[in-house]
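Residue numbers for the sequence shown follow the numbering used here, so the first one is 27 and each next one is one higher. Glycine included, C-beta positions come from ideal geometry on N, C-alpha and C. What you are looking at is a predicted structure, and each value in this text was computed from that prediction instead of being measured. This report refers to the structure that appears directly beneath it.
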Amino acid sequence: MVDSPRDASSIALIRGDGIGPELIAATVQVLDAVAARHGFGLDYFDIDAGADTYRRTGTACSPQSLERMRTQADAILKGPVGLPDVRHPDGTEAGVLGGILRTGLDTYANIRSITLLPAVESSLRDPGPIDYVIVRENTEGLYASRGNGVGNRWAVSDTMIITREGTLRVVRRAFELARGRGGAPSDGVRRVTCVDKSNVLRSFALFRDIFTEVSVEYPDIEVEYLYSDAAAQALVLRPSTFDVLVMENFVGDMLSDLGGATVGGIAMCPSGNLGDHAAYFEPVHGSAPELAGRGSANPIGQILCAGMMLTYLGRPQAGAALQAAVRAALVKGTVRLRADGSAVDGAEGLARAVIDEVDAAPVPC
Ligand code: IPM
Ligand code: MN
Numbered sequence: 027m028v029d030s031p032r033d034a035s036s037i038a039l040i041r042g043d044g045i046g047p048e049l050i051a052a053t054v055q056v057l058d059a060v061a062a063r064h065g066f067g068l069d070y071f072d073i074d075a076g077a078d079t080y081r082r083t084g085t086a087c088s089p090q091s092l093e094r095m096r097t098q099a100d101a102i103l104k105g106p107v108g109l110p111d112v113r114h115p116d117g118t119e120a121g122v123l124g125g126i127l128r129t130g131l132d133t134y135a136n137i138r139s140i141t142l143l144p145a146v147e148s149s150l151r152d153p154g155p156i157d158y159v160i161v162r163e164n165t166e167g168l169y170a171s172r173g174n175g176v177g178n179r180w181a182v183s184d185t186m187i188i189t190r191e192g193t194l195r196v197v198r199r200a201f202e203l204a205r206g207r208g209g210a211p212s213d214g215v216r217r218v219t220c221v222d223k224s225n226v227l228r229s230f231a232l233f234r235d236i237f238t239e240v241s242v243e244y245p246d247i248e249v250e251y252l253y254s255d256a257a258a259q260a261l262v263l264r265p266s267t268f269d270v271l272v273m274e275n276f277v278g279d280m281l282s283d284l285g286g287a288t289v290g291g292i293a294m295c296p297s298g299n300l301g302d303h304a305a306y307f308e309p310v311h312g313s314a315p316e317l318a319g320r321g322s323a324n325p326i327g328q329i330l331c332a333g334m335m336l337t338y339l340g341r342p343q344a345g346a347a348l349q350a351a352v353r354a355a356l357v358k359g360t361v362r363l364r365a366d367g368s369a370v371d372g373a374e375g376l377a378r379a380v381i382d383e384v385d386a387a388p389v390p391c
């Protein structure tokens, strides 16, 4: 069955900084090819946001832009943003959008897929299959202190906030996600792992208590508890045993980069920031300004974001086809990556190889 036809979805594009514009241009080509093949339309509009925007206008994303995304976009496809020299006087980066978009759109669940794709070399000696999802809480935790730290030049304090409501909703998302997956690669068991440091901090103990409370609603899903330090070790030693993991914001930021390192680098990792009324999709990596314009940016993470986005938009077949095209091109070797993860044929060349697979694949009718 083909995905059900309906009006063209409206996509806001944030092209971003550094390699961002190359990645988005390549990804839009892939999206257009998938849409044409599957018989639906996509409309795009640009949103000016990021470090360059901050430099030009004094704000990384205006309230008007945020409102436009909230009211006019069915989904947002965002490239990496940020430039190392664009900073607030306190030293924090001024061009990043995490605080503005995640809080502004209340996209509380950051879904970060860690998948070892075919023909991609892992940094682990004997990784086995890796296919898990980190659900990173996105609106509270330690990063709720973003812009709010208190102190002086001798001492500064940032406070971690864990709320009951904030934890309930993200943990439910994690269990729902696990229901729709096939379990961990090692044993096929649907499992949600709670990652926290509840042996030390009360905030994490609350997170764990709420996780346990929610888990009772999902008797079909196995639960596991890990402290965050032990989780870092386990993600290296036994990655195949993981299915879905849920954790606080800062811990999720750290462990998702660690996971990325085991599947060929964070350039391979897509993510979706999901709320109840909005969603935006962005690669986990940064804007790598030193690589911009050199014809070697790797758009795989960004392209896979587009696949997640299509599924979110109610086009799961098209999303799966896009993912399958990336896999097929990797297997055939038409997508060529260097050992450092960069793309031999640049973002556009890589996108062309993926589009060839999109065009060659049969579309079920
Ligand atoms: C990420 C990034 C952002 C974050 C930064 C750039 C604000 O590291 O999305 O993982 O901290 O969330
Ligand atoms: Mn990060």
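Nearer than 7 angstroms: is that true of the beta carbon of VAL310 relative to any heavy atom of the ligand IPM?
yes
My parser needs the alpha helix (DSSP H) runs of 4 or more residues fully inside the segment 216-302; what are they?
228-241, 254-263, 275-288
Assuming LEU49 is part of the alpha helix (DSSP H), what are its boundary residues?
46-64
Can we say the segment 176-186 touches the segment 197-211, given the rule of at least three CB pairs closer than 8 angstroms?
no
Is it buried or exposed for THR85, if we count other Cβ within 10 angstroms and need 16 for buried?
exposed
So who's on the other strand from GLY141, going by DSSP bridges?
The question names Gly, but residue 141 is Thr in the sequence shown. Partner(s): ASP157.
Quick check on the DSSP output: what are the complete beta strand (DSSP E) runs of length 3 or more inside the segment 71-145, in order along the chain?
101-104, 135-141
Comparing the CB of GLY121 with every heavy atom of the ligand IPM, is any distance shorter than 7 angstroms?
no
For LYS104, count neighbouring C-beta atoms within 10 Å of its own C-beta (all shown protein chains included) and say buried if the count is 16 or more, exposed if not.
buried
Of the residues PRO47, GLU166, GLY285, ALA34, the one placed nearest LEU317, counting alpha carbons only
PRO47
Helix, strand or coil: which one does DSSP assign to GLY192?
helix
Buried or exposed for GLY173, going by 16 or more other Cβ atoms inside 10 Å?
exposed
Return yes when at least one heavy atom of the ligand MN lies under 7 angstroms from the C-beta of ASP279, else no.
yes
Classify LEU68 as helix, strand or coil using the three-state DSSP reduction.
strand
Should ILE283 be listed as close to the ligand MN, given that the test is whether its C-beta is under 7 angstroms from any heavy atom?
Checking the sequence shown, residue 283 turns out to be Asp, not Ile. Yes - the ligand MN has a heavy atom lying nearer than 7 angstroms to the Cβ of ASP283.
Beta-ladder partner(s) of ARG162, from DSSP
ASN136, MET273
For the segment 155-175 against the segment 327-347, do three or more pairs of beta-carbon atoms, one drawn from each stretch, fall closer than 8 angstroms, so that the two count as touching?
no
Rounding to the nearest angstrom, what Cα-Cα distance links GLN349 and ALA332 in this structure?
9 angstroms
C-alpha gap between GLU147 and THR219, whole angstroms
26 angstroms
Determine the extent of the beta strand (DSSP E) in which GLU383 is found, giving its start and end residues.
Note, GLU383: premise wrong, no beta strand (DSSP E); alpha helix (DSSP H) at 372-386.
Assuming the contact rule is C-beta atoms closer than 8 angstroms, VAL272 and ALA200 should be a hit. Round their C-beta distance to whole Å, please.
4 angstroms
Is DSSP giving SER171 helix, strand or coil here?
helix
Based on DSSP bridge pairs, tell me the residues matched to GLU308.
SER297
Does the beta-carbon distance from PRO309 to GLN328 come in below 8 angstroms?
yes
Based on Cα-Cα distance, which residue from GLN98, ILE73, TYR80 lies nearest to PRO110?
TYR80
Can you check which of these residues, GLY67, VAL380, SER88, ALA256, is closest to ALA77 by C-alpha distance?
SER88
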